[in-house]
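Notes follow once the structure below has been shown.
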Amino acid sequence: MKKAFEPLFETLKLPNGLELRNRFVLAPLTHESSNDDGTINDDVITYMAQRSSDVSLALTAASNVTDLGKAFPGQPSVAHDSDLEGLTKLATAMKQNGAKAIIQIHHGGVQSLLRLTPNGDVAGPSPITMKSYDETQPHDAREMTKTEILDTITAFGEATRRAIQAGFDGVEIHGANHYLIQQFVSPYYNRRNDEWGTDRFKFPLAVIDEVIRTVKSHDLENFIVGYRFSPEEPEDGGITMEITESLIKQLREQPLDYLHVSLMDVHSQTREGKYTGEERIKLLHGWINGRMPLIGIGSIFTAEEALEAIESPYIEMIALGRELLIDHNFVNKIVNGKDETIISEFDEDRQDKHDLPPKLWKRLNDDFYPVPRKKQ
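Start counting the sequence shown at 961; every next residue gets the next number (the working numbering).
This is the structure we're talking about:
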């Protein structure tokens, strides 16, 4: 390995005392490749094993905690005990080379897909009509009842129990990307007049409490609990950096092991408000105030870009998403001094199809997800 890249391989101790071997994280990537019922198949296990092999933390794709919350075709499920057999195989595959395997627990809320939810029933904090994911026509979502809210919080705890039983090293609570937990925080999505609307942080904090309670009930000292969030929403009246500042100051008081910001560009700037033009990652890191590590992500496609990000004073770990789809040997090539051979462009003509599951390769080939592409 070239000496310049050594900072990428410094160890890092989490608040729970667990030491991570390097600063790389496999981002949670939608792969559409689980079985129709959400159980894990060999395609997913092979794909995840390849991309987990050299990172310190490996995150699964968003995994739904209830059938009502399914937001993607081929989404993995952690909603039923019948999912455990496949989840156990997945955890084993992700950990086999030394990574810590983390399952991301998720509910789509109003972003869930009619065609995937029982009886076409989609619900979230408040009623809304919208299009989600690959939909061509908008769907109607209804308001969740108070009983459903409490049942969903319990479902996050049950998903955590299954993650523990399957052998995962931790869970990441998905509070980002316009899904249910973020919807409760957002004034755009949450227009309730009850306690679940007047206190926008009540739902995410209740989920965290339920997850932590479940972990403690299993007497686990080093089980990792992380939280992912999006700092701003593009919708008028949505989440602003001022709201996120209040959220972070709540989250930093929780017994979490890391926070994970969802960004398309790790150096992106605040869109509006009193922090307009300031780098989001700098603001977030300051608000966390050293309480826990911050994982940054966003358009990292070369070893030099990863190094630049990790050498900034604003993140402790760097998550790789689209780049690990294109080249799952990214980290290994840096270790072995072959960083100049890193593949940073999607090539539709590659015979190995970047070792991607067929459905995910097709999505990339159809330009459904934005990635650098080899110029023909």
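Glycine included, each C-beta is placed from N, C-alpha and C at the ideal position.
Two segments are said to touch when three or more pairs of C-beta atoms, one from each, lie closer than 8 Å; by this definition the region 1008-1016 touches the region 1053-1064. Under the DSSP assignment, valine 1185 falls in the beta strand (DSSP E) whose first and last residues are 1184-1189. For aspartate 1111, there is no enclosing beta strand (DSSP E); the residue is found in the alpha helix (DSSP H) stretching over 1106-1126. Here asparagine 1182 is exposed, its C-beta having fewer than 16 other C-beta atoms within 10 Å. The beta carbon of isoleucine 1270 is closer than 7 Å to those of Pro967, Leu968, Arg983, Ile1278 in its chain, skipping five residues each way along the sequence. Looking at the DSSP output, aspartate 1100 bridges to Thr1089. Counting only residues of its own chain and dropping the five nearest sequence neighbours on each side, methionine 1090 has a CB closer than 6 Å to the CB of Pro1098.
Excluding the 5 residues flanking it on each side, threonine 1026 has same chain C-beta neighbours closer than 7 Å at Ala1039, His1067, Thr1112, Ala1115, in chain order. Across the set Pro1194, Arg1251, Glu1193, the C-alpha of Arg1251 shows the shortest separation from the C-alpha of leucine 1219. Where tyrosine 1218 is concerned, the enclosing beta strand (DSSP E) starts and stops at 1218-1221. The DSSP-derived three-state label of serine 1228 is coil. Counting the other Cβ atoms within 10 Å of the Cβ of arginine 1173 gives fewer than 16, which makes it exposed. Across the set Gln1311, Lys1209, Gly1186, the C-alpha of Lys1209 shows the shortest separation from the C-alpha of phenylalanine 1161. Taking each of Ser1146, Met1201, Phe1144, Gly1046 in turn and checking the Cα distance to alanine 1126, the smallest one comes out for Gly1046. A check of alpha carbon separations from valine 1145 across Asp996, Lys1055, Pro1164, Asp1154 identifies Pro1164 as the nearest. For the 8 Å CB-CB criterion, alanine 1101 and isoleucine 1109 do not form a contact.
In the three-state reduction of the DSSP assignment, phenylalanine 984 falls in the strand class, which pools E and B.
Judged by DSSP in its simplified three-state form, arginine 1173 adopts helix. Closest in alpha carbon position to glycine 1069, among His1138, Phe1128, Asn1001, Gly1197, is His1138. Taking the Cα positions, asparagine 1325 is about 13 Å away from aspartate 1312.
Collapsing the DSSP output to three states places valine 1131 in a strand. DSSP places lysine 973 within a strand segment (E or B) once states are collapsed to three. In the three-state DSSP reduction, serine 1037 falls in the strand class (E or B).
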